[in-house]
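In our numbering, the protein residues as written are 81 to 455. Every residue, glycine too, gets a C-beta built ideally from N, C-alpha and C.
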């Protein structure tokens with residue numbers, strides 16, 4: 081009996097990672113009826129991360145009230161896995177770009193609701209939180225989340241306030257003495273798939289704030305605020321985050337999680353692989369199928385395909401990547417452990433056309449790869 085492991089990312093805008101797994105599994109069982117198939121859908125920390133973990137490991141989705149990016153009450157959720165010992169939270173649930181619709185403004189939006197979800201989870205007794213950063217509409221350094229958990233931000237007038245992107249520049253002191261004690265007892269892993277620093281030309285504000293509604297002048301002002309808070313953190317907390325890789329993720333929330341919660345920043349795929357005990361799953365595996373919408377130079381910086389391939393290479397398990405498209409020299413991907421790469425697009429069509437046939441094209445490609453394996 082052949083053992084296949086399916087661990088794809090989503091094909092952005094066309095197929096969720098769970099749907100990709102379903103199509104792959106269907107084709108495998110059609111060609112190898114007695115095969116054992118293990119599905120591990122992956123998300124990058126943004127929208128869909130909770131569902132991916134629950135699909136892969138089982139568990140429970142918990143709903144609770146929290147604040148949206150404008151401090152308005154909404155229904156949020158998170159996942160409980162590992163018999164309720166670990167909570168999986170995606171910040172996009174409470175601070176995601178779709179929640180603001182036509183009100184995009186990173187000067188005013190907050191991550192306060194994310195902190196409320198964290199508090200709800202620790203009150204349920206979790207010992208570990210996996211927080212996914214991705215798809216945010218915020219640029220508040222994670223100060224909103226920290227405020228929800230008891231961190232005090234104080235201005236020069238001695239007044240406590242909840243900073244947003246617009247008021248980061250007003251932070252004069254940071255006080256951690258009133259942080260909820262339950263939070264201090266929990267291990268927090270923050271999934272982060274970029275290596276941008278908190279501020280500067282490659283930082284949170286200049287690179288990501290424009291897509292959140294910031295003008296060029298807004299980006300300059302937001303960047304000043306992030307740089308200022310980094311300086312206050314260095315003075316008050318003794319942590320120099322100015323060059324922290326991944327610190328610029330989600331409006332500098334990556335840096336905030338390290339500063340206020342002593343969180344570890346880890347690549348999303350590495351967190352997933354460790355949580356599902358992937359190295360153990362690989363034992364006796366015949367083949368691993370992974371994939372994503374597009375494989376290119378960016379994929380070599382710790383994205384799903386390469387993260388999976390590196391683990392598989394250590395155990396000499398072949399890896400086939402099924403992708404929407406590929407660009408550039410793939411030699412480095414092969415060196416990392418990818419055995420072969422197949423694009424699902426059969427005709428020279430624009431994505432606006434081909435995306436409507438992604439499910440059919442994926443099934444066709446899988447069918448032919450598997451038929452080749454049977455020869």
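Straight-line gap, residue i to residue j (C-alpha atoms, nearest Å)
i: residue 391; j: residue 418; result: 10 Å
i: residue 21; j: residue 138; result: For residue 21 there is no data in the structure shown, the boundaries of the chain being 81 and 455.
i: residue 174; j: residue 193; result: 5 Å
i: residue 405; j: residue 223; result: 39 Å
i: residue 123; j: residue 95; result: 12 Å
i: residue 299; j: residue 266; result: 34 Å
i: residue 151; j: residue 144; result: 15 Å
i: residue 257; j: residue 316; result: 12 Å
i: residue 451; j: residue 445; result: 10 Å
i: residue 358; j: residue 221; result: 32 Å
i: residue 165; j: residue 426; result: 45 Å
7 Å Cβ shell around residue i - same chain, five flanking residues per side excluded
i: residue 240; result: 232, 233, 234
i: residue 213; result: 125, 171, 270, 271, 272, 329, 330, 333, 334
i: residue 148; result: 154, 174, 179, 193
i: residue 387; result: 347, 349, 350, 353
i: residue 454; result: 111
i: residue 217; result: 149, 175, 176, 177, 179, 180, 184, 186, 189, 292
Within 8 Å, strictly: CB atoms of residue i and residue j
i: residue 187; j: residue 246; result: yes
i: residue 365; j: residue 385; result: no
i: residue 283; j: residue 306; result: yes
i: residue 310; j: residue 279; result: yes
i: residue 87; j: residue 368; result: yes
i: residue 318; j: residue 226; result: no
i: residue 370; j: residue 399; result: yes
i: residue 117; j: residue 167; result: no
i: residue 238; j: residue 176; result: no
i: residue 312; j: residue 251; result: yes
Neighbourhood of residue i by C-beta distance below 6 Å, restricted to the same chain and skipping five residues each side
i: residue 211; result: 169, 270
i: residue 302; result: 219, 245, 285, 289
i: residue 442; result: 103, 424
i: residue 141; result: 157, 159
i: residue 236; result: 252
i: residue 393; result: 417
i: residue 343; result: 268, 270, 337
Candidates the options, of which the one nearest residue i by Cα
i: residue 100; options: 254, 151, 373; result: 373
i: residue 291; options: 148, 166, 129, 185; result: 185
i: residue 93; options: 361, 163, 437; result: 437
i: residue 146; options: 321, 387, 157; result: 157
i: residue 348; options: 83, 294, 110, 128; result: 128
i: residue 161; options: 181, 176, 135; result: 135
i: residue 114; options: 130, 248, 83, 142; result: 83
i: residue 414; options: 217, 296, 376; result: 376
i: residue 275; options: 264, 253, 383, 190; result: 383
i: residue 248; options: 98, 152, 308, 320; result: 308
i: residue 189; options: 451, 401, 293; result: 293
i: residue 360; options: 343, 395, 389, 345; result: 395
i: residue 97; options: 451, 121, 81; result: 121
i: residue 263; options: 131, 209, 254, 163; result: 209
i: residue 197; options: 447, 89, 130; result: 130
Beta-carbon proximity list for residue i, same chain, < 8 Å, skipping 5 on both sides
i: residue 106; result: 443
i: residue 260; result: 199, 202, 229, 230
Cutoff 8 Å: residue i Cβ touching any chain D Cβ
i: residue 301; result: The structure shown contains no chain D; it is built from a single protein chain.
Report the residue ranges of all beta strand (DSSP E) runs contained in full by the stretch 144-231; include only those spanning at least 3 residues, in chain order.
-> 153-161, 166-170, 208-212
In chain order, each alpha helix (DSSP H) run of at least 4 residues that lies wholly inside the stretch 338-415 | 348-355, 358-361, 384-394
Ranges of the beta strand (DSSP E) found wholly within the stretch 244-304, counting only runs of at least 3 | 253-255, 267-271
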